[in-house]
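In the numbering used here, the protein residues as written are 355 to 900.
Note that beta-carbon positions come from the ideal geometry of N, C-alpha and C, so glycine has one too.
Have a look at the structure below before the remarks.
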Amino acid sequence: MGGNGKFRWKSIFSHRRSSSSFRVESKEPPNEFICPVSGSLMADPVVVSSGQTFERVSTQVCRSLGFSPVLEDGSTPDFSTVIPNLAMKKTILHWCEESGVRNSQAPDYDSVEKIVRALMEEKDKEKPPQVGIRDLLAGVSDLPPVNFSHAVTELGHRPERYYTSSSEESVIVGGSPGTPLPFTTRPGCYSSSSSSCEVVENEALIQTLGPNSSISQDEKELLSKLTSPDVFKQEEGVISLRKITKENEKIRVSLCTPRILLSLRPLITSRYSAVQINALASLVNLSLEKLNKQKIARSGLVPNLIDALKGGHAEAQEHAAGALFSLALEDENRMTIGVLGALPPLLYALRSNSEITRKDSALCLYNLTMIQSNRVKLIKLGAVTTLLSMVKSGSSMNWLLLILCNIAVCQEGRSAMLDANAVGLLVGMLREKELYSKSTRENCVAALYALSYGSMRFKGLAKEAGAMEVLREIAERGSDRAREKAKKILERMKMRGTFNEDDDEEEEEEEDANGGESSFERGGLRLSRYRNGGGRSPRSANTTPF
355 MGGNGKFRWK SIFSHRRSSS SFRVESKEPP NEFICPVSGS LMADPVVVSS
405 GQTFERVSTQ VCRSLGFSPV LEDGSTPDFS TVIPNLAMKK TILHWCEESG
455 VRNSQAPDYD SVEKIVRALM EEKDKEKPPQ VGIRDLLAGV SDLPPVNFSH
505 AVTELGHRPE RYYTSSSEES VIVGGSPGTP LPFTTRPGCY SSSSSSCEVV
555 ENEALIQTLG PNSSISQDEK ELLSKLTSPD VFKQEEGVIS LRKITKENEK
605 IRVSLCTPRI LLSLRPLITS RYSAVQINAL ASLVNLSLEK LNKQKIARSG
655 LVPNLIDALK GGHAEAQEHA AGALFSLALE DENRMTIGVL GALPPLLYAL
705 RSNSEITRKD SALCLYNLTM IQSNRVKLIK LGAVTTLLSM VKSGSSMNWL
755 LLILCNIAVC QEGRSAMLDA NAVGLLVGML REKELYSKST RENCVAALYA
805 LSYGSMRFKG LAKEAGAMEV LREIAERGSD RAREKAKKIL ERMKMRGTFN
855 EDDDEEEEEE EDANGGESSF ERGGLRLSRY RNGGGRSPRS ANTTPF
């Protein structure tokens, strides 16, 4: 799309929005309630693979016609997968009720098809004129003869030097003198690379933003390197971006632009380890700011991060896990990350040789399991058995217990954990108090507390495991947090019914106040601690940018 394409699209959206029928008493709905394609208040919102939300009918029409619009922020949506955005639908209905606006009705297929065809025509008008074969051949005779002598220098030995991401010292890569920089080790399913074709495609995407869009001099210099077909220029660009985004949060906000994000897309899956590592580290730095988290998720970079976590260089996997964790701190990103397939590789990364990868993957899963859809996905993946076996082996117990506490919030999770003998394992850990830290014991009590909610089966399993004696001791001599929960578990176990009705009513009120999430402190870690990323690093052991 050339020239003033962005502004033409904006005028089309603005015109449709101003003329739509949902305007009552001059009350305009928030922009996020409006479908970017139909321009109307969404009645059946769905999340697409690239993270944006559309009216369901709009995605059906666009997919049928093979059309992918360039949105106002310069991103291009991917309609290959859609999932209902129930949170958005509920929010829109609440806004309609509060504003006195009639609930929106989904537009009919034909009317949306007309809109999409009009957008397609508008897009076709902005395409550059096609040059015919005869026109190309006509100029051949005017070209100077080709000189192949320069090709000799390309075949000679090229110094194999590059910068590592952990330091700026130049290192020599081993290998035979006649080979280029070696590819990093990848599993067979990994196929992405930073080829010249990707760079050309990336430049074309950046050009769709139009030459009149504001761009700083720093961004221009970075883009010239990040989009270069020369791998050494790319490496220089990502190292520079990593340095400047480490120093200043204002710079992190100003440089998180559609152009920069698009240019990073092929680089974070580059087969050149230095390029990949520094590109991912730069993305982690950009993601530290709350204002940037949704921008990054909606730019289509999440699938690339998942690929890097699956098969990237060891240090690249650390950064990929850190970036996903940082993005998962934003409530709006959690469903998108889960839908795009991050759960299986994150679960696998819990067994990584890198402690940083293990911890950041666990923290990412902890945040993702704040919502029901991701809990159910993990349960279907058999995660409960995996997590319990890892807890039993003593690997990253505290973080894994927090995930299990989240899973136990839902009925499906409690059933799966009871089936896997979670009660016996947790009671056994509490009985061997000298082997575990205070925080681990608190997390075990929190997990038992979640399992005891509304379950007669828990009562029988707990008695069989000898939980009464252990819980009484904790209720008398445990920490304040553990004592409170132990007492409530004992009260529930004494009840003849399935649960204490007074406790149930209190927790329902707490869940309503927290958007449907149980407010008990899972493992002693308050939900608000990691709720927002702010300007902090996602690293559990390091609070500074990379």
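Sequence-distant residues of its chain with Cβ nearer than 7 Å to Cys798 (five each side left out): Leu755, Leu780, Met783 and Leu784
Touch test, the stretch 608-625 against the stretch 634-641, Cβ-Cβ under 8 Å, three pairs minimum: Yes, since at least three Cβ pairs between the stretch 608-625 and the stretch 634-641 fall closer than 8 Å, the two stretches touch.
Reference Ser608; option with closest CA among Ile631, Leu576 and Ala716: Leu576
Test item: CB-CB of Val730 and Glu686 under 9 Å: Not in contact: Val730 and Glu686 (Cβ atoms no closer than 9 Å).
Which of helix, strand or coil DSSP assigns to Thr413: helix
Assigned exposure category for Lys579 - 16 Cβ within 10 Å defines buried: Taking a 10 Å sphere around the C-beta of Lys579, we find 16 or more other C-beta atoms and assign the residue as buried.
For Ala716 and Gly742, believed in contact at Cβ under 8 Å, the rounded distance: It should be pointed out that residue 742 corresponds to Leu in this sequence rather than to Gly. Taking a contact as a CB-CB distance under 8 Å, the pair Leu742 and Ala716 does not count as one, their CB atoms being some 14 Å apart.
Segment contact flag, the stretch 837-845 with the stretch 812-827, C-beta cutoff 8 Å, min 3 pairs: yes
Opening and closing residue of the beta strand (DSSP E) in which Ile298 lies: Missing from the structure shown is residue 298; the chain here goes from 355 to 900 and no further.
C-alpha distance - Arg456 paired with Ala696, whole-angstrom precision: 38 Å
Of the residues Thr407, Ser806 and Ala836, the one placed nearest Thr794, counting alpha carbons only: Ala836
Own chain residues within Cβ distance below 6 Å of Cys610, not counting five before or after: Counting only Cβ-Cβ distances below 6 Å, and skipping sequence neighbours, we find Leu640, Asn646 and Lys649.
Through-space distance from Ser653 to Gly405, alpha-carbon basis: 8 Å
Those runs of the beta strand (DSSP E) which lie wholly inside the stretch 385-429 and span at least 3 residues: The stretch 385-429 contains, as complete beta strand (DSSP E) runs of 3+ residues, the segments 399-402 and 407-409 (chain order).
Counted within 10 angstroms of its Cβ, other Cβ atoms place Glu788 as buried (16 or more) or exposed: exposed
Whether Pro438 touches Ser392 by CB criterion (9 Å): no
Buried or exposed by the 16-neighbour rule on C-beta atoms within 10 Å, applied to Phe900: By the neighbour-count criterion, in which 16 or more other beta carbons inside 10 Å mark a residue as buried, Phe900 falls on the buried side.
Those runs of the alpha helix (DSSP H) which lie wholly inside the stretch 727-764 and span at least 4 residues: 737-747 and 751-761
Cβ contact (3+ pairs, closer than 8 Å) linking the stretch 665-684 and the stretch 624-631: Yes, they touch.
Every unbroken alpha helix (DSSP H) inside the stretch 600-670 [4 residues or more]: 603-608, 612-618, 627-641, 644-652 and 656-665
Contact check, Leu299 vs Leu772, beta carbons under 9 Å: It is not possible to answer for residue 299, since the shown part of the chain is limited to 355 through 900.
Nonlocal neighbours in the same chain, by C-beta distance under 7 Å from Ala472, ignoring five residues either side: none
Neighbourhood of Ala397 by C-beta distance below 6 Å, restricted to the same chain and skipping five residues each side: Ser458, Gln459 and Ala460
Beta-bridge pairing of Val777 - partner residues as DSSP gives them: According to DSSP, Val777 bridges with nothing at all.
Nearest residue (CA-CA) to Gln571, options Ile614, Thr407, Glu451 and Pro583: Ile614
Three-state class that DSSP yields for Ile725 in the structure shown: coil
Burial state of His448, where buried means 16 or more other Cβ atoms lie within 10 Å: exposed
Burial state of Asp834, where buried means 16 or more other Cβ atoms lie within 10 Å: Exposed.
Assumed close pair Ile691, Leu681 - CB separation to whole angstroms, cut-off 8 Å: 6 Å
Continuous alpha helix (DSSP H) stretch holding Phe812: start and end: Counting along the chain, the alpha helix (DSSP H) containing Phe812 begins and ends at Met810 to Glu818.
Neighbourhood of Thr539 by C-beta, 6 Å cutoff - its chain only, sequence neighbours within 5 removed: With a pLDDT of only 26 at Thr539, under 50, the local geometry of the prediction cannot be trusted, and no value is derived from it.
Proximity below 9 Å, CB of Ala762 to CB of Tyr807: yes
Delimiting residues of the alpha helix (DSSP H) encompassing Arg705: Note, Arg705: premise wrong, no alpha helix (DSSP H); not H, not E.
Nearest to Lys848 (by Cα), restricted to the options Lys813, Arg417, Lys746 and Tyr463: Lys813
Burial state of Ser403, where buried means 16 or more other Cβ atoms lie within 10 Å: Ser403 should be labelled buried.
Buried versus exposed call for Glu684 [16 or more other C-beta atoms within 10 Å across all chains shown]: buried
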